[in-house]
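Beneath this line is the structure, given in structure tokens, with notes to follow.
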Amino acid sequence: MLTRVKGWLADRRAPLLVALLAILLLLPTLGAGAMMDDHAHRMAYHPTFTRPGGPRGDWDLFRFLEDDPVAFRSLQESGIWPWWAVAGSKLAFLRPLPSLWHALDYRVWPNAYWFMHAESILVFAATAFFAAHLYRRLFGATVAAGLAALIFAVDDTHAMVVAWIANRHAILSTLFAVLTLLAHDRARRDGWKPGVYLAPLALFGAMFSGESGLGALAYLFAYALFLDRAPLRARAAALVPHAGVALLWFAAYKLGKYGAAGGVFYIDPLTQTGEYLHAVATRLPVLLAGQMAAPPADVWMLWPQSETRTLVSICLLVLLALGGGIFAVLRRDRNAGFFTVGMTLSLLPTCAVWPGDRLLLFAGIGGSGLVASMLVASREHLGRAARVYVGAVAGVLVLFHLVLAPLLLPLRAWSTGEMLHGYTERAITSMPKFDATAPQTLVVVSSPDSIIANTAIAARINANEAMPSPLRVLSTVQRGTLKVGRVDARTLSVTLSDGHFMEPTATVFRDPEKAPLRVGDRVDVGSMVAEVVTLTPDGKLPAQIDFHFDRSLEDPSMVWVVWEKTRFVPFEVPKVGETRELPVVPYQTAMGG
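Residue numbers (the UniProt record's numbering): 1 to 593.
Here is the structure:
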């Protein structure tokens, strides 16, 4: 049996077989439907859609807000951006190739979500197919090549990136990156002249599919460092065309005013260098541990921010334990050096975003190759104790990558759609109906995140239904206590024991450390003024905020809801002087878990 498996892994048909296996395991995503950003992306192509500071065309779908004070004020007054968004905010990503693909989807077959999911599956299968060919070039037609391809294809960390239509840019970028490496390797190793031109062209595709495409540069650097045996000057010259593509991308990024500012969920390395370096120190170990074994990088979103050091310490210990065993058998292996450095450096761009498994696709190219290298490496030169240690590390890697991963991939592919799609659909269906003839204000007293209400409204717009104007999301909370009180006829107070802006997505719009709100601070968004009344005991976050509206809270134009368990429910405004404690809904509960 083992001989047959080894024969299959080394077979020339292995790339096709692993691609087909990936398709099979990811079939559950076909029923995932639309979730979260998918509704906002579709709304961008709705005939009535207008968003100041938003997309400049079909190629610019991922421009959510450029640094424009007039556009910012308009979005904040309408409630598209929440009241706590800080002036000078910007959120724009240069992703023209996937933007154009989404434009085709939403203009030609906007309701065929199953087809859009099929497209994502096929792009991932193509990535796995060409990655398998890359491994065969690096390892030869060996068991190691097939093993690396198999590990990449069945990695369960890839479930969400495939299940989420809006995340297709990451798969497309990775596909182009693999093609870049294939063409570059043929050009350098075999003297294949077309590769000199095709590799930079593929790199252009990777970088203009998304910022993660910068990871391709990491692998090109690692290739020059470990695998290219030409003189140093020749190696450097081979990278010049790729540097030209990178400079072109950088110029387009700066001239197009892309980047992020204002929040901490996304960090712009070019303008927030200090914050970015700190993020690398804390996020890189979490991402590497998630790629190699455990804990999953997704745990970052659920881990208390005040205890981040504990999580980072755990991840460093995992990496130290695994790294010792890997180094013991691969310290002179050039392929292993290429995989390790490429994997690690490719994660640097993703450190600008809160960690999650969906960010590990690029790292998986090197991670899968490194694990395969370790599993097939000889241990004969090791002493008895070292062999036991290395065997234990190998056992852990086999458990996570060859036993659990193929079992978890279809399960996670299904559950991601079930949870996120279900979460989104419950928000949409539980949102009140609105009167198209009379403007109404929707007030969300509290929700599990800062985006779900906007997502529900986007879906309603796509269905050509009347929508409120404006939207007011007062608070987001997932833990602690939530108290709501009535101060006077026009004022509602919301008190969070753990403080406002503790919920992760709230930090998309404001960094509470760089832009703190103090007692007495007031934020005017037109029809509402938010006033900070008290702070948390540590003085870092607002605890009680009073919301002063321009009319009575009982005015017929005011529609009130709050998130309860798994959906929005109507909220009865308290009487003047009354205070009520509302149940806080953990994110897992809100998701239906």
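Positions of the beta carbon are idealized from the N, C-alpha and C atoms, including for glycine.
These figures come from a predicted structure and were not determined experimentally.
With 16 as the cutoff for other CB atoms within 10 Å, does residue i come out buried or exposed?
{"i": "residue 310", "result": "exposed"}
{"i": "residue 115", "result": "exposed"}
{"i": "residue 117", "result": "buried"}
{"i": "residue 504", "result": "buried"}
{"i": "residue 478", "result": "buried"}
{"i": "residue 464", "result": "exposed"}
{"i": "residue 509", "result": "buried"}
{"i": "residue 90", "result": "buried"}
{"i": "residue 272", "result": "buried"}
{"i": "residue 76", "result": "buried"}
{"i": "residue 544", "result": "buried"}
{"i": "residue 173", "result": "buried"}
{"i": "residue 409", "result": "buried"}
{"i": "residue 493", "result": "buried"}
{"i": "residue 168", "result": "buried"}
{"i": "residue 426", "result": "buried"}
{"i": "residue 539", "result": "exposed"}
{"i": "residue 24", "result": "exposed"}
{"i": "residue 531", "result": "buried"}
{"i": "residue 93", "result": "buried"}
{"i": "residue 471", "result": "buried"}
{"i": "residue 554", "result": "exposed"}
{"i": "residue 13", "result": "exposed"}
What are the start and end residues of the alpha helix (DSSP H) that includes residue i?
{"i": "residue 338", "result": "334-346"}
{"i": "residue 74", "result": "69-78"}
{"i": "residue 363", "result": "361-376"}
{"i": "residue 20", "result": "14-26"}
{"i": "residue 254", "result": "232-255"}
{"i": "residue 291", "result": "273-292"}
{"i": "residue 488", "result": "Note, residue 488: premise wrong, no alpha helix (DSSP H); beta strand (DSSP E) at 482-488."}
{"i": "residue 522", "result": "Where residue 522 is concerned, there is no enclosing alpha helix (DSSP H), although the beta strand (DSSP E) it sits in stretches over 522-524."}
{"i": "residue 217", "result": "215-226"}
{"i": "residue 441", "result": "No alpha helix (DSSP H) contains residue 441, which is instead part of the beta strand (DSSP E) from 441-444."}
{"i": "residue 105", "result": "96-108"}
{"i": "residue 93", "result": "First-last for residue 93: undefined, no H or E at that position."}
Quick test of your reading: residue i and residue j, contact by CB under 8 Å. State the CB separation rounded to the nearest angstrom.
{"i": "residue 340", "j": "residue 370", "result": "6 Å"}
{"i": "residue 95", "j": "residue 210", "result": "5 Å"}
{"i": "residue 32", "j": "residue 458", "result": "That pair is no contact at about 17 Å."}
{"i": "residue 430", "j": "residue 571", "result": "At roughly 12 Å, the Cβ-Cβ gap does not stay under 8 Å, so residue 430 and residue 571 are not in contact."}
{"i": "residue 329", "j": "residue 374", "result": "6 Å"}
{"i": "residue 279", "j": "residue 352", "result": "7 Å"}
{"i": "residue 163", "j": "residue 413", "result": "5 Å"}
{"i": "residue 97", "j": "residue 133", "result": "About 22 Å separates the two Cβ atoms, so there is no contact after all."}
{"i": "residue 365", "j": "residue 131", "result": "6 Å"}
What is the rounded straight-line gap between the Cα of residue i and the Cα of residue j?
{"i": "residue 484", "j": "residue 112", "result": "42 Å"}
{"i": "residue 346", "j": "residue 212", "result": "8 Å"}
{"i": "residue 355", "j": "residue 552", "result": "43 Å"}
{"i": "residue 296", "j": "residue 490", "result": "46 Å"}
{"i": "residue 301", "j": "residue 443", "result": "26 Å"}
{"i": "residue 461", "j": "residue 318", "result": "47 Å"}
{"i": "residue 436", "j": "residue 51", "result": "20 Å"}
{"i": "residue 522", "j": "residue 438", "result": "29 Å"}
{"i": "residue 597", "j": "residue 100", "result": "Since the displayed the chain opens at 1 and closes at 593, residue 597 lies outside it and no answer follows."}
{"i": "residue 160", "j": "residue 411", "result": "11 Å"}
{"i": "residue 307", "j": "residue 566", "result": "27 Å"}
{"i": "residue 138", "j": "residue 145", "result": "8 Å"}
{"i": "residue 559", "j": "residue 578", "result": "19 Å"}
{"i": "residue 487", "j": "residue 546", "result": "8 Å"}
{"i": "residue 43", "j": "residue 68", "result": "21 Å"}
{"i": "residue 573", "j": "residue 456", "result": "22 Å"}
{"i": "residue 7", "j": "residue 147", "result": "11 Å"}
{"i": "residue 480", "j": "residue 583", "result": "9 Å"}
{"i": "residue 194", "j": "residue 501", "result": "53 Å"}
{"i": "residue 256", "j": "residue 250", "result": "10 Å"}
{"i": "residue 180", "j": "residue 234", "result": "18 Å"}
Could you spell out where the beta strand (DSSP E) holding residue i opens and where it closes?
{"i": "residue 259", "result": "259-261"}
{"i": "residue 493", "result": "491-496"}
{"i": "residue 534", "result": "528-535"}
{"i": "residue 558", "result": "558-564"}
{"i": "residue 41", "result": "It is not in any beta strand (DSSP E) - residue 41 instead sits in the alpha helix (DSSP H) that spans 37-43."}
{"i": "residue 32", "result": "Neither: residue 32 is in no beta strand (DSSP E) and is coded neither H nor E."}
{"i": "residue 580", "result": "579-582"}
{"i": "residue 544", "result": "542-549"}
{"i": "residue 384", "result": "Here residue 384 belongs to no beta strand (DSSP E); instead the alpha helix (DSSP H) covers 384-398."}
{"i": "residue 567", "result": "567-570"}
To test your reading of the DSSP string, which unbroken alpha helix (DSSP H) runs of 4 or more residues are found completely within the segment 120-198?
Those alpha helix (DSSP H) runs which fall completely within the segment 120-198 and span 4+ residues are 143-153, 159-163, 168-185.
So within the segment 408-473, which uninterrupted alpha helix (DSSP H) runs reach at least 4 residues, ignoring any that extend past its ends?
422-430, 452-462
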